[in-house]
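>
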Amino acid sequence: MFEVSLDTVCFIIRKCREFQAKEAVVIPDSPDGPEDDWALQVLADHADDLSVQELRATFEDMEPAEQAEVVALMWIGRGDFDVSEWAEARSEAKSAWNPRTADYILATPLAADYLEEGLDACGFDCQE
1 MFEVSLDTVC FIIRKCREFQ AKEAVVIPDS PDGPEDDWAL QVLADHADDL SVQELRATFE
61 DMEPAEQAEV VALMWIGRGD FDVSEWAEAR SEAKSAWNPR TADYILATPL AADYLEEGLD
121 ACGFDCQE
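Sequential numbering from 1 applies to the sequence shown in the UniProt record's numbering.
As structure tokens, this is what we get:
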């Protein structure tokens, strides 16, 4: 069903949890205004963070279609799409793809939870 491997998605979930669980990381639910590039500011403050570096390297090693699937899984877990709309979610994520996918995932509050919920909706999990 997926082009991206389950192991890769589970690794991304772990790295998101590691990064977003740190006390110094504060990702607002919404920006103060449309001119604020708050996500890039937050991530720039943590550019030397090992979790951020590992996650970015993982995304750099992935094909755009695999990156889009991670985004589609997150959208399903967040409730933007139902699992029955997988093809549509994946297609929309492919259309919206850009080279900053890792930053988009990292800057999404609860990204790890959404990814887990998306996997669960598709009948998968990260349990060994």
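Backbone N, C-alpha and C fix where the C-beta goes; we use that ideal spot for every residue, glycine too. Just so you know, these numbers come straight off a predicted model, no measurement behind them.
Could you give the distance in angstroms between the alpha-carbon of PHE124 and the alpha-carbon of ASP113?
Working through the sequence shown from its first residue, we reach residue 124 at position 124. Working through the sequence shown from its first residue, we reach residue 113 at position 113. Computed Cα separation, rounded: 14 Å.
> Out of curiosity, what's the CA-to-CA distance linking ALA96 and GLN127?
For the purposes of this step, residue 96 is taken as residue 96 along the sequence shown, with counting starting at 1. For the purposes of this step, residue 127 is taken as residue 127 along the sequence shown, with counting starting at 1. Rounded to the nearest angstrom, the two C-alpha atoms are 30 Å apart.
> How should ALA57 be labelled, buried or exposed, when 16 other C-beta atoms within 10 angstroms of its C-beta is the threshold for buried?
Position 57 of the sequence shown holds residue 57. Classification of ALA57: exposed, given that the 10 Å Cβ count is below 16.
> Would you tell me roughly how many angstroms separate the C-alpha atoms of LEU73 and LEU115, rounded to the nearest one?
Sequence index remark: in the sequence shown, residue 73 carries index 73 (1-based). Sequence index remark: in the sequence shown, residue 115 carries index 115 (1-based). Roughly 6 Å between the two C-alpha positions.
> With burial defined as no fewer than 16 other Cβ atoms inside 10 Å of the residue's Cβ, what is the status of PRO34: buried or exposed?
Here the question's residue 34 lines up with position 34 in the sequence shown. Low local confidence applies: a pLDDT of 46 at PRO34 is under 50, so the model's placement there is unreliable, and no value is given.
> Return the first residue and the last residue of the alpha helix (DSSP H) that THR8 is part of.
For the purposes of this step, residue 8 is taken as residue 8 along the sequence shown, with counting starting at 1. Segment 6-20, the alpha helix (DSSP H) holding THR8.
> For GLY77, is the classification buried or exposed, using 16 other Cβ atoms within 10 angstroms of its Cβ as the cut-off for buried?
For this step, residue 77 is matched to residue 77 along the sequence shown. Counting Cβ neighbours within 10 Å, GLY77 comes out buried, since at least 16 surround it.
> Tell me the rounded alpha-carbon separation between ASP7 and LEU119.
By one-based count along the sequence shown, residue 7 stands at place 7. By one-based count along the sequence shown, residue 119 stands at place 119. Taking the straight line joining both Cα atoms gives about 12 Å.
> What are the start and end residues of the alpha helix (DSSP H) that includes ASP49?
Stepping through the sequence shown from its first residue, residue 49 is reached at position 49. Here ASP49 belongs to no alpha helix (DSSP H), and DSSP marks it neither H nor E.
> Find out if the Cβ-Cβ distance for the pair ARG100, GLU69 is shorter than 8 Å.
Working through the sequence shown from its first residue, we reach residue 100 at position 100. Working through the sequence shown from its first residue, we reach residue 69 at position 69. Going by C-beta atoms, ARG100 is not nearer than 8 Å to GLU69.
> If you check the beta carbons only, do LEU110 and VAL52 fall under 8 Å apart?
Locating residue 110 in the sequence shown gives position 110, counting from the first residue. Locating residue 52 in the sequence shown gives position 52, counting from the first residue. Against a cut-off of 8 Å, the Cβ pair of VAL52 and LEU110 comes out as no contact.
> Using the Cα positions of PHE81 and ASP49, report the straight-line distance between them to the nearest angstrom.
For this step, residue 81 is matched to residue 81 along the sequence shown. For this step, residue 49 is matched to residue 49 along the sequence shown. Each residue's Cα considered, the two are about 32 Å apart.
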